[in-house]
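Trainee: In order, the protein sequence lines correspond to chains A and B. The opening position of the first sequence corresponds to residue 646 in the working numbering, with each subsequent residue numbered one higher. The opening position of the second sequence corresponds to residue 646 in the working numbering, with each subsequent residue numbered one higher.
Protein chains: 2
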Amino acid sequence: MDGALTRAAIARAARRVLEREGLAGLSMRRVAAELDVKAASLYWHVRNKEELLDLLTDELLTGAEPPPREGPWRDQFREYCLIHRRLLLSVRDAAKVVGGRFVLGPNVLRLLEEQLDRLREAGFTPEDAALATYTLSSYVQGMVLQEQAPLAAAETTGTGRGEIAAAAGEQLRGLPAETFPNLVAMADAISGPAMEARFRFGLELVLDGLEERLARTRAAAAD
Amino acid sequence: MDGALTRAAIARAARRVLEREGLAGLSMRRVAAELDVKAASLYWHVRNKEELLDLLTDELLTGAEPPPREGPWRDQFREYCLIHRRLLLSVRDAAKVVGGRFVLGPNVLRLLEEQLDRLREAGFTPEDAALATYTLSSYVQGMVLQEQAPLAAAETTGTGRGEIAAAAGEQLRGLPAETFPNLVAMADAISGPAMEARFRFGLELVLDGLEERLARTRAAAAD
DNA sequence: ACCTGAACACCGTTCAAGT
DNA sequence: ACCTGAACACCGTTCAAGT
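1. Would the segment 736-743 of chain B and the segment 658-669 of chain B be scored as touching if the rule is three or more Cβ pairs under 8 Å?
2. Tell me which residues share the same chain as A:D868 and place their Cβ nearer than 6 Å to its Cβ, disregarding the 5 neighbours each side in the sequence.
3. Output, in chain order, the set of chain A residues within a Cβ distance shorter than 9 Å of B:D720.
4. Below 8 Å on the Cβ atoms is my contact criterion, and I expect A:R858 with A:G768 to pass it. Report the Cβ-Cβ distance as a whole number of Å.
5. What are the uninterrupted segments assigned as alpha helix (DSSP H) that are 4 or more residues long and contained completely in the segment 741-775 of chain A, given in chain order?
6. Roughly how many whole angstroms lie between the Cα atoms of A:M646 and A:A654?
7. Determine the chain B residues that contact A:E828 at a beta-carbon separation under 8 Å, and present them in chain order.
8. DSSP three-state call for A:N827: helix, strand or coil?
9. Once the 5 residues before and after B:S836 are set aside, which same chain residues still bring their CB inside 7 Å of it?
10. Is the beta carbon of A:P717 sitting closer than 8 Å to the one on A:I728?
11. For a contact meaning CB atoms closer than 7 Å, what does B:S783 contact in chain A?
12. Taking one C-beta from the segment 687-704 of chain A and one from the segment 744-751 of chain A each time, how about it: are there three or more such pairs within less than 8 Å?
13. What residues in its chain sit with their C-beta under 7 Å from that of B:K694, if we drop five residues either side in the sequence?
14. Please work out which residues of its chain come closer than 7 Å, Cβ to Cβ, to B:L650, disregarding the five sequence neighbours upstream and downstream, and give them in chain order.
15. When the Cβ atoms of the segment 831-848 of chain A are set against those of the segment 770-788 of chain B, are three or more pairs found closer than 8 Å?
16. In angstroms with no decimal places, state the Cα-to-Cα distance between A:L732 and A:E704.
17. What residue range does the alpha helix (DSSP H) around A:V662 cover?
18. Is the shortest distance between the beta-carbon of A:R843 and the beta-carbons of chain B less than 8 Å?
19. Using 8 Å as the limit for Cβ to Cβ distance, is B:Y688 near chain A?
20. Out of A:K741, A:F844, A:R755 and A:G819, point me to the one whose CA is closest to A:A709's CA.
21. Work out the CA separation of A:T778 and B:Q791 for me, nearest whole Å.
22. Under a CB-based cut-off of 8 Å, is A:P838 close to chain B?
23. Starting from B:L700 and walking both ways along the alpha helix (DSSP H), at which residues does that stretch end?
24. Using a 10 Å radius around the Cβ and a threshold of 16 neighbouring Cβ atoms, would you call A:G854 buried or exposed?
25. At 7 Å on the CB atoms, spell out the chain A contacts of B:T780, in chain order.
26. Near B:L820, which residues of its chain fall below 6 Å by C-beta distance, leaving aside the five closest residues on each side in sequence?
27. Establish whether the CB of B:K683 and some CB of chain A are separated by less than 8 Å.
28. When you compare each of B:L668, B:V785, B:R763 and B:E758 to A:E823 by their alpha carbons, which one comes out closest?
29. I need the DSSP call for A:D920, collapsed to helix, strand or coil.
30. Based on Cα-Cα distance, which residue from B:A659, B:R657, B:R730 and B:K741 lies nearest to B:R843?
31. Going by Cα to Cα distance, which pick from A:V676, A:A860 and A:Q721 is closest to A:A658?
32. Flag this pair as yes or no: are the beta carbons of A:F722 and A:L850 separated by less than 8 Å?
33. If you draw a straight line from the alpha carbon of A:L671 to that of A:M840, how long is it in whole angstroms?
34. Using a Cβ cut-off of 7 Å, which residues of the segment 732-754 of chain B contact any Cβ in chain A, in chain order?
35. Closer than 8 Å by C-beta to B:G847: which residues in its own chain qualify, once you throw out the five before and the five after it? Chain order, please.
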């Protein structure tokens with residue numbers, strides 16, 4: 646089934662290389678080698694590396710299954726975002742690949758369509774529904790980008806992943822207290838919270854905001 | 646003043662190269678050339694390119710001035726985020742450089758200290774203040790990353806920047822209406838809103854959520 | 001229509017050698 | 001202490017040539 650050299654096969658091969666070698670190791674030559682082919686061959690199917698990364702971006706969303714369509718919309722969208730986060734986290738450097746890329750691939754379209762449908766059903770206006778999806782996906786992407794950053798840093802410096810947070814705490818505590826009183830005093834509060842807790846905090850803020858917005862929409866419609 | 650080859654001078658040179666050539670054109674050799682020096686020389690001051698990018702990340706925040714410390718905290722933080730956004734937008738590929746990088750440079754520390762101070766004064770707990778800054782900066786970064794993406798795409802494809810949004814709208818409208826009813830029907834609502842409007846929408850959601858959170862904190866404290 | 005060999009102009013990084 | 005020349009092992013991309 647992998648015999649044919651197609652765009653889909655190239656995307657899957659790129660994914661395997663990314664998982665194994667990271668973004669820095671993702672070269673046209675290695676993706677080609679993964680497919681037992683020479684680098685130049687890829688250029689028949691793909692304009693350049695940018696386009697290959699676009700294919701890879703949609704490929705990375707392949708496993709994404711929407712949460713069950715039951716219960717309050719708020720719970721559904723919390724799940725949506727947690728799933729999105731876990732998916733990105735599950736592949737090395739995934740957020741860096743996806744971030745800053747404008748792709749309307751089949752998986753993106755499928756997920757977007759489903760989200761918009763649920764938001765409309767919940768009572769959001771078309772404009773608010775569209776804007777809500779932008780907000781949520783940007784937040785998830787920005788947050789996972791931050792979350793995967795220390796891991797990348799740990800790789801280059803050779804330090805362990807968990808130690809990075811502790812090291813950050815140390816660094817903050819060691820700052821001059823005259824110029825950075827808050828950073829010193831709040832060192833634990835800053836470096837302490839686990840990544841998932843940080844993620845959930847902001848997520849609930851956005852969901853709170855959306856709920857208020859929906860309430861106002863309904864009140865206006867009732868007039 | 647630029648005679649000495651220091652880490653600060655290297656960071657400034659990297660910024661100039663980034664603005665002129667973009668992230669793809671930012672090579673050790675070009676940064677070195679910008680300083681009338683050979684690439685190998687940089688390695689005396691900097692471990693590797695990753696570390697140079699870390700320096701550049703903090704350098705990119707150099708011009709960031711906090712908004713005046715007056716009026717409601719909510720207005721102050723709206724301004725903070727708008728400033729942060731404009732700053733990133735003002736340098737080509739800035740979001741891609743900053744994103745996914747864990748840097749506690751002088752500028753980051755200075756801005757973070759100031760933000761935490763204002764949040765504490767507004768009545769947030771240390772934990773909530775720390776979490777709020779994570780949420781806001783992740784959101785800004787994720788959003789600007791999206792915003793700079795079409796520009797990057799326009800460069801490689803040769804299309805104009807404004808046309809990209811229109812093209813996205815066209816693409817959505819042209820989708821099969823049976824499988825993507827919402828994407829087709831809402832094509833305008835999705836591709837229409839200007840970038841700053843999209844940014845402000847999500848920003849107000851987060852600020853709404855923070856306001857609620859603060860109200861609850863105060864209610865609990867009053868008991 | 002699809003793949004390859006060979007080449008071009010670049011990379012990041014190292015290290016012995018210079019001053 | 002700081003910079004360079006020269007080299008190494010890679011890159012992305014092109015294109016004439018093969019089948």
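Beta carbons: idealized from backbone N, C-alpha and C, even for Gly. What you are looking at is a predicted structure, and each value in this text was computed from that prediction instead of being measured.
Mentor: Concretely, from the data shown:
1. Flag = yes, the segment 736-743 of chain B and the segment 658-669 of chain B touch.
2. Taking A:D868 as the centre and dropping the five residues before and after it, the same chain places no C-beta closer than 6 Å to its C-beta.
3. Chain order gives no chain A residues near B:D720, where near means a beta carbon separation below 9 Å; the closest approach is about 16 Å.
4. Contact doesn't hold; Cβ gap of about 10 Å is too wide.
5. Runs of the alpha helix (DSSP H) inside the segment 741-775 of chain A: 751-767.
6. Residue placement at A:M646 cannot be trusted, given a pLDDT of 44 that sits under 50; the coordinates are not used to answer.
7. Note that residue 828 of chain A is Leu in the sequence shown here, rather than Glu. For A:L828, the chain B residues whose Cβ falls inside 8 Å of its Cβ are L754, L757, E758 and L761, in order along the chain.
8. For A:N827, the three-state secondary structure derived from DSSP is helix.
9. The answer, listed in chain order, is A810, A813, G814 and L817.
10. Against a cut-off of 8 Å, the Cβ pair of A:I728 and A:P717 comes out as no contact.
11. Near B:S783 (Cβ distances below 7 Å), the residues of chain A are Y784, G787, M788, Q791 and G847.
12. These segments touch.
13. These residues qualify, in order along the chain: M673.
14. Hits under 7 Å: L680, V682, S686 and H690.
15. Three or more Cβ pairs closer than 8 Å define a contact, and the segment 831-848 of chain A meets that threshold against the segment 770-788 of chain B.
16. When rounded, the distance between both Cα atoms is 12 Å.
17. First-last of the alpha helix (DSSP H) with A:V662: R652 to E666.
18. Yes, contact with chain B.
19. Taking Cβ atoms only, chain A never reaches closer than 8 Å to B:Y688, which makes this a no.
20. Selected option, being the one with the closest Cα: A:R755.
21. C-alpha separation (whole angstroms): 13 Å.
22. True, the Cβ-Cβ gap to chain B drops below 8 Å.
23. Counting along the chain, the unbroken alpha helix (DSSP H) around B:L700 starts and ends at K694 to E704.
24. When all chains shown are included, A:G854 counts as buried.
25. What B:T780 touches in chain A: F846, G847 and L850.
26. Correct list, in chain order: L828 and V829.
27. Chain A contact via Cβ: absent.
28. Nearest option by C-alpha distance: B:E758.
29. Because chain A spans 646 through 868 in this model, residue 920 of chain A falls outside it and cannot be assessed.
30. It is B:R730 whose Cα lies nearest to the Cα of B:R843.
31. The shortest Cα separation from A:A658 among A:V676, A:A860 and A:Q721 belongs to A:V676.
32. Not closer than 8 Å, so no.
33. If I take the Cα positions, the gap works out to 27 Å.
34. Result list: A740, K741, G744, G745, R746, F747, L749 and L754.
35. Within the same chain, Cβ atoms closer than 8 Å to the Cβ of B:G847 are found at Y784 and M788, the five residues on either side in sequence being excluded.
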